[in-house]
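S.K.: The opening residue of the sequence shown carries number 16 in this note's numbering; numbering runs sequentially from there. Ideal placement from N, C-alpha and C gives every residue a C-beta, glycine not left out. The structure's right below; bear with me while I get my questions together.
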Amino acid sequence: MARIDVIMPQMGESIAEGTLSRWLKKVGDAVKRDEPIFEISTDKVDAEIPAPNAGVLAEILVTEGQTVPVQTIVARIETEVGAAVGAPAAVPAGAGSSVGSAPASAGRGAGAPPEKQNTPATPAPQHPSTAQPSSASRSNGNTFEDRVRTRSSPLVRKMAAEHNIDVAGLQGSGIAGRVTKRDLLSAIERGVSGTAPAAPRPVAPSMHAPGGTESHGPAPEAWPGDVVEPMSVMRQRIADHMVASRRTSAHVTSFMEIDFTRIARIRAKNRARFESETGQKLTYMPFIIRSVIDGLKAFPVMNASVSGTNVILRKQYNIGVAVALDWGLIVPVIKRAEDLSLSGITRALNDLAARARVKKLAPGEVQDGTFTITNPGVFGSLMGTPIISQPQVAILGVGAIEKRPKVIAGPDGEDTIAIRTCAFFSISFDHRIIDGAVADQFLAFVKKTLESFPEAI
């Protein structure tokens with residue numbers, strides 16, 4: 016008999032930890048290879064994790080509700096010697112990782128096939144694990160070490176805010192330099208905060224939760240008759256990720272109205288044949304994804320990531336599509352979407368969305384997105400200003416596609432009012448590397464592509 020390790024997988028490029036929300040098996044239970052044995056929650060996914068090998072669940076090392084860094088051993092499975100496939104050993108945080116990249120084994124359960132990794136166009140600078148706080152700030156918090164260290168517990172972050180202490184500037188004693196409560200109390204005793212702390216940087220009033228707003232004002236208290244509901248683990252992770260994205264990227268949003276009348280006609284004409292041949296429903300989204308890919312090829316900076324002072328121009332077009340769930344939001348990724356036909360995109364999109372709703376996504380299916388599309392229009396929203404999914408630099412928002420009266424030119428050049436199928440698109444982009452003109456040109460390209468889409472599909 017032999018025992019193999021079951022590890023906490025990395026469920027996204029920017030995720031440094033996960034919460035084990037529920038065990039589906041107990042010690043002594045027989046498990047089959049690829050059978051779900053526990054559930055985890057992060058800001059990117061709420062998913063069931065399969066067993067890497069068949070055998071018997073011999074040990075449970077992480078309890079329900081516990082949050083641990085990725086690559087942590089959470090359990091061990093006892094299996095026949097001949098059937099055992101060694102799981103990758105836990106990777107020390109930061110070992111061999113580059114800025115803005117996940118560790119080589121990130122996101123794979125034990126025994127899972129290796130995934131092809133993106134190779135940045137420009138090598139990212141390496142930061143030694145012994146870097147001082149000043150170098151941590153220069154890295155913009157993008158290294159694996161930075162993400163683990165600054166993702167301290169909510170209690171530690173709350174205490175640090177109350178004492179005007181920057182958690183990222185402390186040397187933590189936890190795993191991978193994670194700042195613990197003991198580290199923070201020690202810093203307070205040493206007088207790091209002081210009785211007269213330096214005046215905080217002025218924060219301009221904003222509706223976008225800029226850095227520094229977490230510590231503004233007293234925490235609200237429940238009034239008589241109020242109902243207090245704790246956030247789910249997934250909701251806590253989403254909250255952290257959204258605030259971090261606002262602080263990382265200089266968000267700007269542009270809007271354009273797009274005429275979908277031609278697409279609606281093509282869809283109506285081909286719908287029955289398409290569905291009979293593929294077994295898939297033909298929606299507007301595959302047309303949008305196809306046009307976005309063409310736009311990303313024409314404007315490469317829209318399909319990029321920021322790594323310190325370098326810009327990584329991705330040569331893969333991995334399109335994330337946000338899926339609303341009853342318990343949160345998830346963004347499965349269509350990998351190498353540029354290689355897929357319209358029917359291929361439709362199949363991939365429908366499959367990922369369906370499995371997301373029943374918690375059947377694999378870790379790799381929410382990783383390595385290069386551009387994201389969110390579709391609040393399905394709920395009737397006309398337009399919005401979506402927040403960028405780090406470490407991407409842009410996100411497209413699709414408003415409600417509906418019929419509207421529009422002024423158009425008639426055959427003799429006279430103006431006339433016609434009923435057209437239209438939608439507002441928004442593009443939120445990172446103004447650190449994308450100029451407004453480029454973002455608008457990209458959106459105009461997508462608009463033109465959709466409005467002149469070829470009849471044959």
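Which residue comes first and which comes last in the beta strand (DSSP E) that contains I360?
M.R.: Note, I360: premise wrong, no beta strand (DSSP E); alpha helix (DSSP H) at L357 to A371.
S.K.: I need the boundaries of the beta strand (DSSP E) containing S56, first residue and last residue.
M.R.: Element bounds for S56: P51 to S56.
S.K.: Three or more beta-carbon pairs under 8 Å between the stretch 63-73 and the stretch 41-49, yes or no?
M.R.: The stretch 63-73, when compared against the stretch 41-49, does touch it at the 8 Å Cβ threshold.
S.K.: From which residue to which residue does the alpha helix (DSSP H) around V248 run?
M.R.: V248 -> alpha helix (DSSP H) spans V248 to T263.
S.K.: Do three or more CB pairs link the stretch 381-388 to the stretch 331-340 at distances below 8 Å?
M.R.: They touch, by the three-pair rule.
S.K.: Could you tell me how far apart the beta carbons of A415 and A433 are, in whole angstroms, since I believe they sit closer than 8 Å?
M.R.: The Cβ separation is near 19 Å, so there is no contact.
S.K.: Just mark E244 as buried or exposed, buried being the case when its beta carbon has 16 or more other beta carbons within 10 Å.
M.R.: E244 should be labelled exposed.
S.K.: For M7, which three-state DSSP category applies?
M.R.: The first residue shown for the chain is 16 and the last is 472, placing residue 7 beyond what the model contains.
S.K.: Output the distance between the C-alpha atoms of P420 and I273, rounded to the nearest integer angstrom.
M.R.: One C-alpha to the other measures close to 13 Å.
S.K.: Pop quiz: I410 and R261 are said to be a contact at Cβ under 8 Å. What is the actual Cβ separation, rounded to whole angstroms?
M.R.: That belief does not hold up - the Cβ atoms of I410 and R261 are roughly 13 Å apart, past 8 Å.
S.K.: Is it a yes or a no for the stretch 298-310 touching the stretch 458-468, going by three-plus beta-carbon pairs under 8 Å?
M.R.: Verdict: yes, contact present.
S.K.: Which one or two residues does DSSP pair with K421 in a beta bridge?
M.R.: Looking at the DSSP assignment, K421 forms a beta bridge with A433.
S.K.: What three-state label does DSSP hand R447 in the structure shown?
M.R.: Coil at R447, not helix or strand.
S.K.: Where Q456 and D366 are concerned, what is the direct C-alpha to C-alpha distance, given to the nearest angstrom?
M.R.: Taking the straight line joining both Cα atoms gives about 32 Å.
S.K.: DSSP beta-bridge partners for D93?
M.R.: It is Glu, not Asp, that sits at residue 93 in the sequence shown. According to DSSP, E93 bridges with R18 and V71.
S.K.: Kindly give me the distance between the Cβ atoms of A319 and I448, rounded to whole angstroms, as I take these residues to be in contact under 8 Å.
M.R.: Indeed, because the Cβ distance is near 7 Å, the residues count as touching under 8 Å.
S.K.: Could you give the DSSP three-state label for V77: helix, strand or coil?
M.R.: Of the three classes helix, strand and coil, the one that applies to V77 here is coil, per DSSP.
S.K.: Taking the alpha-carbon of G395 as reference, which of V267, E417 and G379 has the nearest alpha-carbon?
M.R.: For G395, the nearest C-alpha among the options comes from E417.
S.K.: Is there contact between the stretch 321-328 and the stretch 272-287, where contact requires at least three CB pairs shorter than 8 Å?
M.R.: Judged by Cβ distances under 8 Å, the stretch 321-328 makes no contact with the stretch 272-287, as fewer than three pairs qualify.
S.K.: For P301, collect the residues of the same chain with a Cβ closer than 7 Å to its Cβ; drop the 5 residues on either side in sequence, then sort them by chain order.
M.R.: Here the set comprises L357, I360, T361 and L364.
S.K.: Whole angstroms are fine: how far does the CA of R205 sit from the CA of H266?
M.R.: Their backbone Cα atoms lie some 38 Å apart in a straight line.
S.K.: Evaluate T436 with the Cβ neighbour count: other Cβ atoms within 10 Å of its Cβ, from every protein chain shown; 16 or more gives buried, anything less gives exposed.
M.R.: Classification of T436: buried, given that the 10 Å Cβ count is 16 or more.
S.K.: Output the distance between the C-alpha atoms of A452 and V21, rounded to the nearest integer angstrom.
M.R.: Distance between the alpha carbons of A452 and V21 is about 49 Å.
S.K.: Specify, as a first and last residue, the run of the alpha helix (DSSP H) that R37 falls within.
M.R.: Not the alpha helix (DSSP H): R37 falls in the beta strand (DSSP E), residues E32 to W38.
S.K.: With DSSP run on the structure shown, which of helix, strand or coil describes I308?
M.R.: The answer is helix: DSSP assigns I308 an H, G or I state.
S.K.: For M16 versus E95, is the C-beta distance shorter than 8 Å?
M.R.: Cβ distance < 8 Å, so M16 and E95 count as in contact.
S.K.: What does the alpha-carbon distance come out to for the pair L297 and I19?
M.R.: L297 and I19: Cα-Cα distance of roughly 44 Å.
S.K.: Assign Q25 to one of two classes, buried (16 or more other C-beta atoms within 10 Å of its C-beta) or exposed (fewer than that).
M.R.: By the 10 Å Cβ count, Q25 comes out buried.
S.K.: Might you give, ordered along the chain, the residues of its own chain that have their beta carbon closer than 6 Å to the beta carbon of T389, omitting 5 neighbours on each side?
M.R.: Taken in chain order, the residues that qualify are A337, P401 and G412.
S.K.: Please name the residue or residues paired with T268 in a DSSP beta bridge.
M.R.: DSSP lists S443 as partners of T268.
S.K.: For S322, which residues does DSSP report across the bridge?
M.R.: Answer is N325, bridged to S322.
S.K.: Any idea if E347 is buried or exposed, counting beta-carbon neighbours within 10 angstroms, 16 or more meaning buried?
M.R.: Here residue 347 turns out to be Pro, not Glu, going by the sequence shown. By the 10 Å Cβ count, P347 comes out buried.
S.K.: In three-state terms, what does DSSP make of P301?
M.R.: The answer is helix: DSSP assigns P301 an H, G or I state.
S.K.: Who are the near neighbours of F468 in its chain, counting only those whose CB is closer than 7 Å to its CB and skipping five residues on each side?
M.R.: Correct list, in chain order: R277, I278, I281 and F302.
S.K.: Count the other CB atoms, across all protein chains shown, that sit within 10 Å of the CB of K350; report buried if there are 16 or more and exposed otherwise.
M.R.: The residue in question, K350, is buried, as its Cβ has 16 or more Cβ neighbours within 10 Å.
S.K.: Give me, in chain order, the residues of the same chain whose beta-carbon lies closer than 7 Å to that of M257; leave out the 5 immediate sequence neighbours on both sides.
M.R.: For M257, where only same-chain residues beyond five positions count, the Cβ hits under 7 Å are I402.
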